[in-house]
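Counting from 97, one number per residue, gives the positions in the sequence shown under our numbering. In this text, a Cβ means the ideal position worked out from N, Cα and C, and glycines have one as well.
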Amino acid sequence: MADVTADIPASPQPENPHSDILAEVTDTEVVMRFGHRRYRVRGLKKAMSYEQLKINLCATDDKDQMHIDHIDLYHAKQRHSFIKQAAIELGVTDEVIKKDLAKVLLKLEQLQDAQIQEAVTPKENTIALSNEEQQHALELLRDPDLLNRILADFNRAGVVGEETNKLMGYLAAVSRKLSNPLAVIIQSTSAAGKSALMNAVLAMMPEEEKIQYSAMTGQSLFYMGETNLKHKILAIAEEEGAEQASYALKLLQSEGELTIASTGKDADGNLTTQEYRVEGPVMLFSTTTAIDIDEELMNRCLVLTVNESREQTQLIHELQRERETLQGLLAQEDKKAILQLHKNAQRLLKPMRIVNPYATQLTFMDNQTRSRRDHMKYLQLIKTITLLHQYQRDIKTVNHNGEVLDYIEVTTEDIATANRLAHEVLGRSLDELPPQTRKLLDMIDALVQTACKTEHLSQPDYRFSRKQLRDAIGWGDTQLKSTSPD
Numbered sequence: 097m098a099d100v101t102a103d104i105p106a107s108p109q110p111e112n113p114h115s116d117i118l119a120e121v122t123d124t125e126v127v128m129r130f131g132h133r134r135y136r137v138r139g140l141k142k143a144m145s146y147e148q149l150k151i152n153l154c155a156t157d158d159k160d161q162m163h164i165d166h167i168d169l170y171h172a173k174q175r176h177s178f179i180k181q182a183a184i185e186l187g188v189t190d191e192v193i194k195k196d197l198a199k200v201l202l203k204l205e206q207l208q209d210a211q212i213q214e215a216v217t218p219k220e221n222t223i224a225l226s227n228e229e230q231q232h233a234l235e236l237l238r239d240p241d242l243l244n245r246i247l248a249d250f251n252r253a254g255v256v257g258e259e260t261n262k263l264m265g266y267l268a269a270v271s272r273k274l275s276n277p278l279a280v281i282i283q284s285t286s287a288a289g290k291s292a293l294m295n296a297v298l299a300m301m302p303e304e305e306k307i308q309y310s311a312m313t314g315q316s317l318f319y320m321g322e323t324n325l326k327h328k329i330l331a332i333a334e335e336e337g338a339e340q341a342s343y344a345l346k347l348l349q350s351e352g353e354l355t356i357a358s359t360g361k362d363a364d365g366n367l368t369t370q371e372y373r374v375e376g377p378v379m380l381f382s383t384t385t386a387i388d389i390d391e392e393l394m395n396r397c398l399v400l401t402v403n404e405s406r407e408q409t410q411l412i413h414e415l416q417r418e419r420e421t422l423q424g425l426l427a428q429e430d431k432k433a434i435l436q437l438h439k440n441a442q443r444l445l446k447p448m449r450i451v452n453p454y455a456t457q458l459t460f461m462d463n464q465t466r467s468r469r470d471h472m473k474y475l476q477l478i479k480t481i482t483l484l485h486q487y488q489r490d491i492k493t494v495n496h497n498g499e500v501l502d503y504i505e506v507t508t509e510d511i512a513t514a515n516r517l518a519h520e521v522l523g524r525s526l527d528e529l530p531p532q533t534r535k536l537l538d539m540i541d542a543l544v545q546t547a548c549k550t551e552h553l554s555q556p557d558y559r560f561s562r563k564q565l566r567d568a569i570g571w572g573d574t575q576l577k578s579t580s581p582d
């Protein structure tokens, strides 16, 4: 019997249904025109998940009639509502707007897919230093008093006080080169300088090794490219801005990677399941005004608290006034060179194996379960200090299973520095009270002791009002209420 199927040609590949839809695409918006109707789309850059297509959509015509709304194009009820209202405003039938919206949806899917694919494609960023730049950077890294030099450069760059916080922030940023980086949350009341402190640290880090956002959506981390976060700093302006992405952030911090299976479209427009993977490790850097931080996130982070004392405020005021002088103008010019020097030095740091020959002799508080994670932070802090001093250490080798392994060793000076910093920072994290509440309690205690001594009273007999407390410590009512425990 003859094979009748041999003469039947193969079905042609379906054409891309939206390839011929014209659109004007800029950094901020997408514009499409169909006849006398114009559709302007904003917010597409934020649509980094295949599960939703939330945009700001404005429909207009040549008579300046308009309808605008925030809409998720994958939400049938929202589409229906937009079609009805736009048809009324533009004076056309629902069917006209429906056909237009279908074209807008198809084109936006194409653009969204392109931007997601670009985001998940690994990017290589290498900066070549000149011989002079490399020499100056090595001089910094070989400075025997490197940590004090870093603090001095912070001061020269216009960041006064906050010695421990500046150093901890800098070291945490350096830890991005380790297999288990440190994470930092800077906590303070509003306008106390937490963002200024984070930005001061980030300003000393290379642009290609840091990613900074004001906020993140719940799914955005999963589409950031397989290696685009690896050994980099992920800075989020406010911890509240990452609330939707908190699960992914905690998972990335603990596991070192993220994976997600998502529905997308192939080249032919057919639905297909795609797996996206994001590799860490990543150094997480964030700020918050919240008194009570998410406990799971706090357990994974070093919590730094900004100095909100009157003395620190006076130092900041002095610096702000000095910036208005000729000396301040010259200092701003010097600041550019200082920041560039540190960026170049950071580019010369290499990931290295680190061995602590004193590890078995170390001790750490063990009366709380959470100290298990804090102990790891302490050990990572020691390794970070050693890593920063890699150009001042001898590179040693060991043969293991036929492979030669290079490493550098921790010194007793590294441990002493880590002990000093950990005592102040990790000691705070083990406190049951938030830092601002602990500070308030200490001030109340000092107030009561002074008043009882002056009035010859025992402490249980002393009474004071909220107003008396505000007047004594110089806090506003809002700050006092937000800091006081419930």
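Does the region 455-464 come close enough to the region 485-501 to have 3 or more Cβ pairs within less than 8 Å? These segments do not touch.
Alpha carbon of G572 to alpha carbon of L565, nearest angstrom: For the purposes of this step, residue 572 is identified with residue 476 of the sequence shown, where counting begins at 1. For the purposes of this step, residue 565 is identified with residue 469 of the sequence shown, where counting begins at 1. C-alpha separation (whole angstroms): 10 Å.
What distance in whole Å lies between the Cβ atoms of A119 and K203, which are believed to be in contact at a cut-off of 8 Å? As a first step, residue 203 must be located in the sequence shown, where it is residue number 107. As a first step, residue 119 must be located in the sequence shown, where it is residue number 23. A Cβ-Cβ separation of about 5 Å places K203 in contact with A119 under the 8 Å criterion.
What's the call for D249, buried or exposed, on a 16-neighbour Cβ count within 10 Å? As a position in the sequence shown, residue 249 is number 153, starting the count at 1. Classified as buried, D249 has 16 or more neighbouring CB atoms from the shown chains inside 10 Å of its CB.
Could you spell out the range, first to last residue, of the beta strand (DSSP E) harbouring F130? As a position in the sequence shown, residue 130 is number 34, starting the count at 1. Note, F130: beta strand (DSSP E), 125-130.
Do you know how far the Cα of N452 is from the Cα of Q283? The sequence position of residue 283 within the sequence shown is 187, counting from 1. The sequence position of residue 452 within the sequence shown is 356, counting from 1. Their backbone Cα atoms lie some 31 Å apart in a straight line.
What's the gap between the Cα of R134 and the Cα of E147? Here residue 134 corresponds to residue number 38 of the sequence shown, with the count starting at 1. Here residue 147 corresponds to residue number 51 of the sequence shown, with the count starting at 1. The straight-line gap from Cα to Cα measures roughly 26 Å.
Can you say whether I332 is buried or exposed, counting buried as having 16 or more other CB atoms within 10 angstroms of its CB? Position 236 of the sequence shown, counting from 1, holds the residue named residue 332. I332 should be labelled buried.
If I follow the unbroken alpha helix (DSSP H) through Y558, where does it start and stop? Residue 558 sits at position 462 when you count from the first residue of the sequence shown. For Y558, there is no enclosing alpha helix (DSSP H), since its DSSP letter is neither H nor E.
Is there contact here, the region 233-240 with the region 400-414, by at least three beta-carbon pairs under 8 Å? no
Hey, how far is the Cα of H519 from the Cα of H166? Your numbering for residue 519 matches position 423 in the sequence shown. Your numbering for residue 166 matches position 70 in the sequence shown. When only Cα atoms are considered, H519 and H166 end up about 50 Å apart.
What does the alpha-carbon distance come out to for the pair P393 and K479? The residue you call residue 393 lines up with position 297 of the sequence shown. The residue you call residue 479 lines up with position 383 of the sequence shown. Looking at the sequence shown, residue 393 is not Pro but Leu. Near 22 Å, if we compare the C-alpha coordinates of K479 and L393.
Would the region 151-165 and the region 179-199 be scored as touching if the rule is three or more Cβ pairs under 8 Å? yes
Less than 8 Å between the CB atoms is what I'm expecting for K290 and I307, so what's the real figure, rounded? Looking up residue 290 in the sequence shown gives position 194. Looking up residue 307 in the sequence shown gives position 211. With a Cβ gap of about 19 Å, K290 and I307 do not count as contacting.
Would Q488 and L242 be called neighbours here (beta carbons separated by less than 9 Å)? Start at 1 with the first residue of the sequence shown, and residue 488 comes out as number 392. Start at 1 with the first residue of the sequence shown, and residue 242 comes out as number 146. The Cβ atoms of Q488 and L242 sit closer than 9 Å to each other.
Can you say whether V494 is buried or exposed, counting buried as having 16 or more other CB atoms within 10 angstroms of its CB? Locating residue 494 in the sequence shown gives position 398, counting from the first residue. When all chains shown are included, V494 counts as exposed.
Looking only at its own chain, which residues have a Cβ that is under 6 Å from the Cβ of I569, when we skip the five neighbours before and after it? For the purposes of this step, residue 569 is taken as residue 473 along the sequence shown, with counting starting at 1. If we look at I569 and ignore the five residues flanking it on each side, its Cβ neighbours are M539.
Give the range of the alpha helix (DSSP H) segment to which K173 is assigned. Position 77 of the sequence shown, counted from the start, is the residue given in the question as residue 173. Residues 172-186.
DSSP on C548, reduced to helix/strand/coil? Position 452 of the sequence shown, counted from the first residue, corresponds to residue 548. In the structure shown, C548 sits in a helix (DSSP, three-state: H, G or I).
By Cβ distance below 8 Å, which residues in the same chain neighbour I179 in space, the five residues on each side in sequence not counted? Walking along the sequence shown from the start, residue 179 turns up at place 83. Result list for I179: D190, I193, K194, L197, in chain order.
The region 422-434 / the region 203-215 touching (three or more Cβ pairs under 8 Å): Two segments are said to touch when three or more pairs of C-beta atoms, one from each, lie closer than 8 Å; by this definition the region 422-434 does not touch the region 203-215.
Is DSSP giving D168 helix, strand or coil here? The residue given as residue 168 occupies position 72 in the sequence shown. In the structure shown, D168 sits in a strand (DSSP, three-state: E or B).
Complete runs of the beta strand (DSSP E) confined to the region 269-304 [at least 3 residues]: 280-283
Just list the residues that DSSP pairs Q308 with in beta bridges. Position 212 of the sequence shown, counted from the first residue, corresponds to residue 308. The partner list for Q308 (beta bridge, DSSP) reads A331.
Less than 8 Å between C-beta atoms, sequence neighbours within five positions excluded: which residues of the same chain meet that for Q486? For the purposes of this step, residue 486 is taken as residue 390 along the sequence shown, with counting starting at 1. So the list reads L237, L445, K446, M448, I504, once near-sequence residues are dropped.
If you reduce the DSSP assignment to three classes, tell me which class A386 lands in. Translated into the one-based positions of the sequence shown, residue 386 becomes position 290. Coil, per DSSP.
Residue ranges of each beta strand (DSSP E) within the region 381-460, 3 or longer: 398-401
Pick helix, strand or coil for E120, following the three-state DSSP scheme. By 1-based counting over the sequence shown, the position of residue 120 is 24. Three-state result, E120: strand.
How is the alpha helix (DSSP H) around A155 delimited, first residue to last? The count along the sequence shown starts at 1 and reaches residue 155 at position 59. That residue, A155, is in no alpha helix (DSSP H); its beta strand (DSSP E) goes 150-157.
Looking only at its chain, what residues have a beta carbon closer than 7 Å to the beta carbon of E229, apart from the 5 residues adjacent to it on each side? Numbered from 1 along the sequence shown, position 133 holds the residue referred to as residue 229. The residues N440, in chain order, have a CB closer than 7 Å to that of E229 in the same chain once the five nearest residues on each side in sequence are set aside.
So what does DSSP say about T369, is it helix, strand or coil? For this step, residue 369 is matched to residue 273 along the sequence shown. For T369, the three-state secondary structure derived from DSSP is strand.
Under the DSSP definition of a beta bridge, which residues are partnered with N495? Position 399 of the sequence shown, counting from 1, holds the residue named residue 495. Beta-bridge pairing links N495 to V500.
Cβ-Cβ distance between G254 and L293 below 9 Å: On the sequence shown, position 158 is the one that residue 254 refers to. On the sequence shown, position 197 is the one that residue 293 refers to. With contacts defined by Cβ atoms closer than 9 Å, G254 and L293 do not form a contacting pair.
For M162, which beta-bridge partners are listed by DSSP? Taking the sequence shown and counting its residues from 1, one reaches residue 162 at position 66. M162 is bridged to T156.
For S358, write down the residues that DSSP places opposite it in a beta bridge. For this step, residue 358 is matched to residue 262 along the sequence shown. The partner list for S358 (beta bridge, DSSP) reads Q370.
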